[in-house]
Amino acid sequence: MVLVDSSIYIGLLRRGQDPVGEIARSFDITEIVGCSVVRCEVLRGIVRPKVKVHLASFFDLLVNVAIDHRVWRETEELA
Numbered sequence: 002m003v004l005v006d007s008s009i010y011i012g013l014l015r016r017g018q019d020p021v022g023e024i025a026r027s028f029d030i031t032e033i034v035g036c037s038v039v040r041c042e043v044l045r046g047i048v049r050p051k052v053k054v055h056l057a058s059f060f061d062l063l064v065n066v067a068i069d070h071r072v073w074r075e076t077e078e079l080a
């Protein structure tokens, strides 16, 4: 399971690259998952409607990992 951080999507967009294509080349598409936080962070900064629709459609295809307080606590321990 691979949860790609929003900074990866944003970095690729800033370099004029298609995050969907780049991520699909790097990972088996069945391994990639999403979460609401990453989706929100990525989509809220996109101003071009076609790009936003493209990425939103990609996020819609991913298995969504629910992030609750327990996951955040576990994440705190990783730091």
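Residue numbers (the numbering used here): 2 to 80. Just so it is clear, CB atoms sit at the ideal spot from N, CA and C, and this is done for glycine as well. Since this is a predicted model, take the numbers as computed values, not measurements.
Secondary structure at V38: helix, using DSSP grouped into helix, strand and coil. Around the beta carbon of R26, a 10 Å sphere encloses fewer than 16 other beta carbons of the protein chains shown; the residue is thus reported as exposed. Between V38 and I68, the gap from beta carbon to beta carbon is short of 8 Å. For A67, no alpha helix (DSSP H) run applies, since DSSP gives it neither H nor E.
Straight-line measurement puts the Cα of H70 at about 11 Å from the Cα of E77.
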